[in-house]
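Residue 306 is where the sequence shown starts when you use the numbering used here, and the numbers rise one by one after that.
Backbone N, C-alpha and C define an ideal beta-carbon position, used for all residues, glycine too.
Everything numeric in this text was worked out from a predicted model, so none of it was measured.
Remarks on the structure that follows.
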Amino acid sequence: MKDHSALPRARRKPRSLAQELVTILTERIRDGHLKRGDKLPTESAIMEEQGVSRTVVREAISRLQAAGQVETRHGIGTFVLDTPSPSGFRIDPATIVTLREVLAVLELRISLETESAGLAAMRRSAEQLAAMREALDTLNESAAHASDAVASDFQFHLQIAMATGNRYFTDIMSHLGTSVIPRTRLNSARLAHDDQQHYMSRLSHEHEAIYEAIARQDADAARAAMRLHLTNSRERLRLAHEEAEAQQQ
């Protein structure tokens, strides 16, 4: 049996460490060491066992949630679900490696999340709105920390999907997960030759516009704000893509 008691201690990026932790936990689920209904160890326990930061543990858990392998029940813990079937609809994060492919995913997101924002504005509860606010506050506070920003960015969009009351919106968003949705966002400022602080400020304004429209239950404004946010992201990446192609010619 493989010994997964420790991760390599070489200097590794948090995202690489998170993926290694995902692999370890996935194998334990697959091998039956963690069964359906079992509660995962606490964040602190995993941090101590694997010698990784809380940020790494949280990103790994987010990826497992997106893959449908675990679910987190707030205030209780994270529990193992059935191992997802390899058949059916799937977008493999490993295939989203070029800007052209990221643009294609953004096109899917524009159609999906524009309507998601509109439905969320009409159906959200006070508790769901508070969860969106918490995700945004965390994103603003962690803007300088890449992995934390990725997780909280995804949580904001996921909370909007959950507020639709339509589980299929949530299922697709969860499937896309942190490994697909913000995959190149952290490098987008560099690709678009934009100042990182200015770039994050623009993203913050776009997110706030979405939140405010949902808060006042203005479905049309929520749709418009989400479409503008994702269209701006697509445009920034499209320009970077065209420039990269021009340099190769």
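For Thr469, the secondary structure class from DSSP, reduced to helix, strand or coil, is coil. In this structure, Ala365 and Leu339 do not form a Cβ contact; the two beta carbons are roughly 13 Å apart against a cut-off of 8 Å. In the DSSP assignment, Gly382 is bridged to Arg378. Straight across, the Cα-Cα distance linking Ile381 with Ser479 is about 20 Å. If you compare the alpha carbons of Leu424, Ser447, Glu354 with that of Ala518, the shortest gap goes to Leu424. When Ala530, Asp523, Tyr504 are compared, the shortest CA-CA separation from Glu513 is found for Ala530. In this structure Leu417 is buried. Its beta-carbon is surrounded by 16 or more other beta-carbon atoms within 10 angstroms. Around Glu550, the same chain offers no residue with a beta carbon nearer than 7 Å, after the five sequence neighbours per side are excluded. For Leu339, no alpha helix (DSSP H) encloses it, and the DSSP letter there is neither H nor E.
Between the region 425 to 445 and the region 344 to 353 there are fewer than three C-beta pairs closer than 8 Å, too few to call the two in contact. In the three-state scheme derived from DSSP, where H, G and I count as helix and E and B as strand, Asp523 is classed as coil. Residue nearest to Asp458 within the set Glu446, Gln552, Leu542 is Glu446 (criterion: CA-CA distance).
Rounded to the nearest angstrom, the gap between the Cα atoms of Arg368 and Ile465 is 18 Å.
Distance from Leu408 to Arg539 at the Cβ level is roughly 6 Å; contact confirmed, criterion being Cβ atoms closer than 8 Å.
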